[in-house]
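**Student:** For this note's numbering, add 1 to where a residue sits in the sequence shown, where the first one is 1.
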Amino acid sequence: MFNLVTLFKHIYIDDTVQIDHLGLFSDSSFGNRHLLVCIERLTGYPWAWAVPGQTTVVTCKCLNELVAAIGSPRIIHCNNVG
Numbered sequence: 002m003f004n005l006v007t008l009f010k011h012i013y014i015d016d017t018v019q020i021d022h023l024g025l026f027s028d029s030s031f032g033n034r035h036l037l038v039c040i041e042r043l044t045g046y047p048w049a050w051a052v053p054g055q056t057t058v059v060t061c062k063c064l065n066e067l068v069a070a071i072g073s074p075r076i077i078h079c080n081n082v083g
């Protein structure tokens, strides 16, 4: 049997963020065709960016904005199904 205090004592807000790309949507007025969605795992708080593609450069720019807002998460989880 798990002791819940031991199981959850090292889980903090902004500790783990899950990211994924969505879309191929129709072009926006700015030329964006995808969404990058980041969800903080403990609270479920979402962030989303309309982006032109699923490139590493675009993803890093969005993650830089996320880190500037909340600090560095300990874990960034992506299931690689972009």
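We put the CB at the ideal spot given by N, CA and C, even for glycine.
(1) Would you mind reading off the limits of the beta strand (DSSP E) that contains threonine 44?
(2) Which residue's Cα is closest to the Cα of aspartate 28: Gly54, Asn65, His78 and His22?
(3) Expressed to the nearest angstrom, what Euclidean distance is found between the alpha-carbon atoms of leucine 43 and threonine 17?
(4) Using the DSSP secondary-structure output, state which residues sit across from aspartate 21 in a beta bridge.
(5) Could you please give the first and the last residue of the uninterrupted beta strand (DSSP E) stretch that includes isoleucine 77?
**Tutor:** In this structure, then:
(1) Here threonine 44 belongs to no beta strand (DSSP E), and DSSP marks it neither H nor E.
(2) Nearest to aspartate 28 by C-alpha distance, out of Gly54, Asn65, His78 and His22, is Gly54.
(3) Computed Cα separation, rounded: 7 Å.
(4) DSSP, once it has assigned bridges, lists Val38 as partnering aspartate 21.
(5) Run containing isoleucine 77: 76-79, per the beta strand (DSSP E) assignment.
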